[in-house]
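Here is the structure we will look at, set down as structure tokens.
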């Protein structure tokens, strides 16, 4: 009888030790951050690495008083629109002032948020724009450099930005010339130009003066 009771006591002690060990293991596991559940944990969104994308807050902080316009910058080897505001009358009363105001936005280095998202401009900082000369095709704008001498991306930026303005491209064609005695040419902002601004710019119908 005594041996039976001793055997029962030994089994009870072994069971208690096993339970205690299991409890300690569970506590240590919790302390090490090991979860006993398979439910996924939301640790928050990873930092965005998507190019050509800005947060709504970045866009809002760039807003200012003036007339809202869109210009084209280069991002991921494509033309992408960004919002700007200009202090100019966009009703077409002074086409040259409208053209220069838009060009000024293209000349500026993009803000830090846009640069971090991959935006850039290829338009030379010294470029200027003026009105037509005698004998020019109607609607001509004269740049301070020959359009064909500009980098293809820069010319594509200018053409597509001007094409957004009804006063500068009422029929969808942007007519540009340079300082030399060369005829002006009409350019179209096409989807191909936006996708591949390094390609030869698209000429409109009747591109000559």
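In my numbering, the protein residues as written are 107 to 315. Backbone N, C-alpha and C define an ideal beta-carbon position, used for all residues, glycine too.
Jot down the residue ranges of each uninterrupted alpha helix (DSSP H) in the region 189-233, minimum 4 residues, whole runs only, in chain order. DSSP runs (the alpha helix (DSSP H)) wholly in the region 189-233: 201-213, 218-222.
Quick one, are the C-beta atoms of residue 284 and residue 248 less than 9 angstroms apart? Against a cut-off of 9 angstroms, the Cβ pair of residue 248 and residue 284 comes out as a contact.
Which residues in the same chain have their Cβ closer than 7 angstroms to the Cβ of residue 267, if we skip the five residues on either side of it in sequence? Cβ contact annotation for residue 267 (same chain, cutoff 7 angstroms, sequence separation greater than five): 177, 178, 208, 212, in chain order.
In its own chain, which residues sit with a C-beta less than 6 angstroms from the C-beta of residue 190, not counting the 5 before and 5 after it? Cβ within range, chain order: 175, 177, 211.
Roughly how many angstroms separate the alpha carbons of residue 200 and residue 255, rounded to a whole number? Cα-Cα distance, rounded: 27 angstroms.
Buried versus exposed call for residue 325 [16 or more other C-beta atoms within 10 Å across all chains shown]: Nothing about residue 325 can be reported from this structure: the residues present for the chain run from 107 to 315 only.
Go ahead and label residue 214 buried or exposed: buried means 16 or more other beta carbons lie within 10 angstroms of its beta carbon, across all protein chains shown. By the 10 Å Cβ count, residue 214 comes out exposed.
Return the CA-CA distance between residue 279 and residue 294, expressed in angstroms with no decimal places. Cα to Cα, residue 279 sits roughly 5 angstroms from residue 294.
Compare the C-alpha of residue 219 against each of 185, 186, 159 and name the closest. Of the candidates 185, 186, 159, the one whose C-alpha sits nearest the C-alpha of residue 219 is 159.
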